[in-house]
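Let me begin by presenting the structure, written as structure tokens, before commenting on it.
Protein chains in written order, with our numbering: chain A, 2 to 297; chain B, 2 to 297; chain C, 2 to 297.
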């Protein structure tokens, strides 16, 4: 079986193949997946990711079966994840799983009869989002090597920024992590970057951090992460990207966001050519089409 | 883009085209929508309307992606309806939206990349229901002009009766509104009828109101509308259509209802040839097939 | 109309036809149901059964519309099941219904415009599960006649064991019912077996009961059935099938379970060739493909 469980497990060759395939799938409608069934298993809600995979499968002529409330199904009657995998993988040709617990996608894959795609499991991994982010960078900039990629917001709990950082170690990039102290990148990621020889720096100064960015990857700071809501409010006010900040500090930056966006990117930026966050959505469908054809 | 947002916005020509198309779609199975995707976005539940659209799309060979609990998705994480529209419209070729707030379908359409069909937004608009009701009248009576159309029940909050009344201003009909004082037709609709020169009358006398009807459009009176439940019970007892009433007061009336029906139409009427309310369902699929092909 | 509502209503000829068809559908992908729509109506959740039917329909090239939360839809606004049947059956070519109340599938069928398949209604009936169980016995043993079939666990409330027992009256089998006193087979089933001349015995001794079984059909004992949780715990400890018990008491037994399995079958049995419970899932899809083509 061929599973997509983590960003780290992808070779540069595998990454490049997906990016190339995705490019050919932009705007594509075909029958490549005719007679194939995708099972979407969501143990926590994620409408956006679910619809992206469903659209990808349907635009390839395939069929979809979905469970959007797996947490309220037989699992609650005491069934193990192993048993669930042994059963549900028999209904499909490929399984997409979203689960709140880290490691569960791997465990599911160990018991599955078909390939498993991790669509987010807990804190660390969301490899298909990372691939669509990487694809967007390439589409927007025409290249990945040589770029200064700045990530802002919640870098500790935000699995999108994490997964993208792991993927970027396959390229010659400079990374800047802009986050408050409570939400800094995890030490294991920094260690991994050191091992791979990737140049990076950290700061909690938003304005200074975004300076000269080629790519600005913004993420949301969640109120739930803070014991004291005053701490949250102070930070949330600082970590807001405005049109003026873009024009003054990083006029050439491609601005990205995994969405949903709340206050961290001003709506005045939406009409700037820099704003790539809605284009990420379209790219996401193409990348997932590539992933489905590659892993089925 | 070509959106279907309200009954008033439809020209008579547009209405007639949909009715004609619908007629050709009764009992039809085809591939007209092959390779196209409909996104069903329901911010409030409406199983009947959702299934009607899904069936319409599938009988045309198209694909459907559905969200039945939009109210519990990212919108609750603070995303604006504008952002949601920008994102979700990228997954589909046409969007059907049901939303509890008046005006939200229009707002969604303003930010959508594809056509939007309003499947009910708040108090005023449900244009696809109005079109299927109009189509049913034409099928049952062989014409629309010259008919006396009587509407009974909750005319204030019932968007189905409202939307149908707006559509009927394009025809030479006589309208009778039979409702208790608390649930009378909105002044703005009456004003619109005056402007259009449509003949209408109002009464709270059920028996008198239905006299001589060619079409009887019954709607449910909801308990929630009344502060005093005794008021409700008195009214609910009066606004019940019985077989005897039909035979004595409007023996030729086509009897319609947007469903679900509770007590307002006696079950003894179901077997009368007059009862068209279950035929409305079949007509609804054909009308929605026409709408999908027209607006995509 | 041709409905599948109960095990008892199936003639041996009808059963054999489904088993034969199912055999030809194992691993099959086709277009037999092209242009047809299955409506899945679940008034109580059953992810496994729903996905099994969806997979069956899609592997035959058909389309599916699903309602997974029928109990929270218009029925709660006071609509009768009769009306719901009259409406929803218009959207589909065949309806699969799961409902918590015994008799509701039949009532739905009485008002439906298309064939209805009972996917479990209350305590007594789950005929498609019984057919897949029977098919599994035939696949695993190469025959049904002459077998000793032992059923264990909750035989009173477990509709799977019940439905299978009814089907088995069409064959020359010996039945053994192993259950605690509180959960013994219903008297009406035993009476039915007597009338049909089927040989059976009852015991509450687990070890003795499974002795020499050709087929061991295990079911879960639910805590909710016991007023005193101590009673439950004592029983739950006894009604556990272990590898040692299989090796010593019924080494040739095909071990089956309707799933989900909790503690009643030790996980150490999963790797034994006897363990057929995960193969039942694959068989279930083939049997449901046979049922759909037969009843549509």
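Think of the CB as a built atom: it goes at the ideal place given N, C-alpha and C, for glycine as much as any other residue. The model shown is predicted, which means the values in this text are computed figures rather than measured ones.
Of the residues the options, the one placed nearest residue i, counting alpha carbons only
i                      : options                       : result
residue 141 of chain A : A:257, A:293, A:263 and A:268 : A:257
residue 243 of chain A : A:232, A:219, A:233 and A:230 : A:219
residue 57 of chain A  : A:129, A:10, A:8 and A:164    : A:129
residue 98 of chain B  : B:143, B:45 and B:131         : B:45
residue 227 of chain C : C:206, C:26 and C:184         : C:184
residue 164 of chain A : A:113, A:196, A:173 and A:133 : A:133
residue 126 of chain B : B:107, B:143, B:115 and B:112 : B:107
residue 271 of chain A : B:144, B:88, B:123 and B:161  : B:88
residue 36 of chain A  : A:60, A:28, A:26 and A:15     : A:60
residue 159 of chain C : C:144, C:113 and C:122        : C:122
residue 190 of chain B : B:229, B:268 and B:161        : B:161
residue 196 of chain A : A:8, A:170, A:245 and A:203   : A:170
residue 84 of chain A  : C:17, C:283 and C:268         : C:268
Any chain A beta carbon closer than 7 angstroms to residue i
i                      : result
residue 30 of chain C  : yes
residue 197 of chain C : no
residue 242 of chain C : no
residue 56 of chain C  : yes
residue 224 of chain C : no
residue 283 of chain C : yes
residue 74 of chain B  : yes
residue 286 of chain B : no
Inter-residue spacing [alpha-carbon to alpha-carbon] between residue i and residue j
i                      : j                      : result
residue 168 of chain C : residue 148 of chain C : 14 angstroms
residue 288 of chain B : residue 273 of chain C : 57 angstroms
residue 178 of chain A : residue 156 of chain A : 8 angstroms
residue 255 of chain C : residue 48 of chain C  : 25 angstroms
residue 86 of chain B  : residue 11 of chain C  : 51 angstroms
residue 81 of chain C  : residue 279 of chain B : 14 angstroms
residue 136 of chain A : residue 146 of chain B : 59 angstroms
residue 357 of chain A : residue 29 of chain A  : Within the shown structure, residues of chain A are numbered from 2 to 297, placing residue 357 of chain A beyond reach of any answer.
residue 154 of chain C : residue 3 of chain A   : 39 angstroms
residue 210 of chain B : residue 6 of chain C   : 46 angstroms
residue 55 of chain A  : residue 229 of chain C : 47 angstroms
residue 144 of chain A : residue 116 of chain B : 34 angstroms
residue 31 of chain A  : residue 62 of chain A  : 6 angstroms
residue 19 of chain C  : residue 26 of chain C  : 10 angstroms
residue 13 of chain A  : residue 172 of chain A : 9 angstroms
residue 22 of chain C  : residue 222 of chain C : 33 angstroms
Test: residue i CB closer than 7 angstroms to a CB of chain B
i                      : result
residue 48 of chain A  : yes
residue 129 of chain C : no
residue 52 of chain A  : yes
residue 298 of chain A : Lying outside 2 to 297, the shown extent of chain A, residue 298 of chain A is not represented and no answer is given.
residue 247 of chain C : no
residue 38 of chain C  : yes
residue 13 of chain A  : no
residue 192 of chain A : no
residue 187 of chain A : no
residue 59 of chain A  : yes
Presumed contact (8 angstroms Cβ cut-off) between residue i and residue j, rounded CB distance
i                      : j                      : result
residue 236 of chain C : residue 66 of chain A  : Incorrect: roughly 36 angstroms between the Cβ atoms, too far for contact.
residue 247 of chain B : residue 275 of chain B : 6 angstroms
residue 241 of chain B : residue 118 of chain B : So it is not a contact: roughly 34 angstroms between Cβ atoms.
residue 43 of chain C  : residue 68 of chain C  : 7 angstroms
residue 205 of chain C : residue 180 of chain C : 6 angstroms
residue 40 of chain C  : residue 93 of chain C  : 4 angstroms
residue 294 of chain A : residue 33 of chain A  : 6 angstroms
residue 213 of chain A : residue 251 of chain A : 6 angstroms
residue 174 of chain A : residue 150 of chain A : 5 angstroms
residue 261 of chain B : residue 79 of chain C  : 7 angstroms
residue 138 of chain C : residue 216 of chain C : 6 angstroms
residue 38 of chain C  : residue 64 of chain C  : 5 angstroms
Test: residue i CB closer than 7 angstroms to a CB of chain C
i                      : result
residue 64 of chain B  : no
residue 117 of chain A : no
residue 35 of chain B  : no
Residue i beta carbon near the ligand SAM (any heavy atom closer than 6 angstroms)
i                      : result
residue 107 of chain B : Here there are no bound small molecules, and the ligand SAM is not part of this structure.
> Which residues, in chain order, does the region 255 to 281 of chain B contribute to contact with chain C at a C-beta distance below 7 angstroms?
Replying inline: Taking 7 angstroms as the Cβ-Cβ cut-off against chain C, the residues of the region 255 to 281 of chain B that qualify are 260, 261, 262, 263 and 279.
> Using Cβ-Cβ distances below 9 angstroms, what residues of the region 78 to 101 of chain A are close to chain C?
Replying inline: In summary, the residues of the region 78 to 101 of chain A whose CB is separated from some CB of chain C by less than 9 angstroms are 78, 79, 80, 81, 83, 84, 85, 87, 88, 89, 91, 92 and 93, in the order they occur in the chain.
> In the region 136 to 155 of chain A, which residues sit with their C-beta less than 7 angstroms from some C-beta in chain C, listed in chain order?
Replying inline: Here the close residues number zero.
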